[in-house]
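Novice:
Residue numbers (the numbering used here): 26 to 208.
(1) Whose C-beta lies closer than 7 Å to the C-beta of residue 86 among residues of the same chain, with five residues either side of it excluded?
(2) From the DSSP output, which residues share a beta bridge with residue 37?
(3) From the DSSP output, read off the bridge partner residues of residue 54.
(4) For residue 17, which of 199, 180, 121 and 145 has the nearest alpha-carbon?
(5) Can you tell which of 202, 170 and 194 has the C-alpha that lies nearest to the C-alpha of residue 114?
(6) Report yes or no: do the segment 145 to 155 and the segment 121 to 135 share at least 3 C-beta pairs separated by less than 8 Å?
(7) Looking at residue 158 and residue 104, is the spacing between their C-beta atoms short of 7 Å?
(8) Are residue 101 and residue 156 touching if we call contact CB-CB under 7 Å?
(9) Give the DSSP-derived three-state secondary structure of residue 112 in the structure shown.
(10) Output yes or no for whether 7 Å exceeds the beta carbon distance between residue 43 and residue 36.
(11) My output table needs one value for residue 164: the three-state DSSP class, helix, strand or coil.
(12) Between 161, 128 and 38, which lies nearest to residue 189 when the distance is taken from Cα to Cα?
(13) Thinking just about the alpha-carbon of each residue, which of 154, 137 and 32 is nearest to the one in residue 128?
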């Protein structure tokens, strides 16, 4: 920020360390030695956060069925004869594998259905919802976002071998046939 001495008009450059978060700054003029107080003008924050919609939700041939939080759990069901699992392939919890034992699970920190030891993950970060052969990833208003295909998403439809990122953890979804068990 540039400010002029109110007595002799000499220009002075004030750096961020001199200004900090203060609204008013006092400095001594290098020419006349007198003190000047100036008001710090800050431009308004114009930051915009944009969460692009995944391709299937952009309207071009997107399915007309809209899921909402109010949808009943009655249509949530694990597919018979298949095992769906989430594997943490990078991040602090690398190596953990979570076979899904119910059609809706919450991923997050301690206390979530599937807890991750990742400080960049929210307490209730995202959910996985299974409706037969359809697996949906849904962000739960997490602080750091849920990423699918390098895009921050609110929701995405996952397939076998789909990867998504929450915090610093990369997670892989696998769907495989359930092996028959001997009696």
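Positions of the beta carbon are idealized from the N, C-alpha and C atoms, including for glycine.
Specialist: Reading from the atomic positions:
(1) Taking the first residue of the chain shown as 1, we reach residue 86 at position 61. Below a pLDDT of 50, predicted positions are generally treated as unreliable, and residue 86, at 45, falls in that range; no measurement from the model is reported.
(2) Position 12 of the chain shown holds residue 37. Looking at the DSSP assignment, residue 37 forms a beta bridge with 28.
(3) Taking the first residue of the chain shown as 1, we reach residue 54 at position 29. For residue 54, which the question treats as bridged, DSSP gives no partner whatsoever.
(4) Since the first and last residues shown for the chain are 26 and 208, residue 17 lies out of range.
(5) For the purposes of this step, residue 114 is taken as residue 89 along the chain shown, with counting starting at 1. Here the closest residue by C-alpha is 194.
(6) yes
(7) Here residue 104 is taken as the residue at index 79 of the chain shown, counted from 1. Here residue 158 is taken as the residue at index 133 of the chain shown, counted from 1. Taking 7 Å as the Cβ cut-off, residue 104 and residue 158 qualify as a contacting pair.
(8) By one-based count along the chain shown, residue 101 stands at place 76. By one-based count along the chain shown, residue 156 stands at place 131. Contact: yes.
(9) The residue labelled residue 112 in the question sits at position 87 within the chain shown. Looking at residue 112 - three-state DSSP - the assignment turns out to be strand.
(10) Residue mapping note: residue 43 aligns to position 18 of the chain shown, counting from 1. Residue mapping note: residue 36 aligns to position 11 of the chain shown, counting from 1. Not in contact: residue 43 and residue 36 (Cβ atoms no closer than 7 Å).
(11) As a working mapping, residue 164 is identified with position 139 in the chain shown. Of the three classes helix, strand and coil, the one that applies to residue 164 here is strand, per DSSP.
(12) Indexing the chain shown from 1 puts residue 189 at position 164. Ranking the options by Cα distance to residue 189, first place goes to 161.
(13) As a working note, residue 128 is residue 103 in the chain shown. Residue 128 has its Cα closest to that of 154, out of 154, 137 and 32.
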